[in-house]
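The end of the sequence shown is residue 148 by our numbering, with every number in the run present.
Glycine included, every Cβ here is placed at the ideal spot set by N, Cα and C.
Only one structure is covered here, and it is reproduced in the block below.
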Amino acid sequence: MNPLIVKSTEYSPKVTFNPEESKFEIAGESRPENAGKLYGIAMEWLKEYLSSDEAEKKTKSGAKGSQLLFEFNLMYFNTVSAKYILEILRLLHFSYSKGFDIKVQWHYKVKDEDMKESGEEFSRLVNIPFEFIQD
């Protein structure tokens, strides 16, 4: 499956979903004018990938590099974006509960306790391994 690459703008995050490398990232500011469009594209791609034979074989193989790594490296997100981030995490939770090897890395800046707490709240809402990375 081809990667999904959406370039960042002043108000929307960069989205890079690369199945070849098993790395999926959302990074930057997330306060897009049309969050439904941006996150709709990301969620449709993710649904298709997670339901593919390619993803299932790769993540359930146990081989090196088989873990799907989802990185959230956000500077800021608004409440509409939070809704979609949670939807993405729920998709991941569903696949994780089916045996997919998935890990979330939640990045936050040293003095950004709000971003850390947001990640902690998301981690309580879904049953996926979370790693918190202080940048």
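query                                                                                                        : result
Own chain partners of V28 with C-beta closer than 6 Å, once the 5 adjacent residues on each side are dropped : V19, I39 and A55
Within the region 45-106, ranges of the beta strand (DSSP E) (whole runs, at least 3 residues)               : 81-90
Check whether S43 and Y89 have beta carbons under 8 Å apart                                                  : yes
Cα-Cα separation between F13 and T72, rounded to whole angstroms                                             : Residue 13 falls outside the range modelled here, since the chain spans only 14 to 148, and no answer is possible.
Integer Cβ distance of D114 from Q80, believed to fall under 8 Å                                             : 4 Å
Per DSSP, cross-strand counterpart(s) of K27                                                                 : A40
Beta-carbon proximity check, L87 vs V139, cutoff 8 Å                                                         : no
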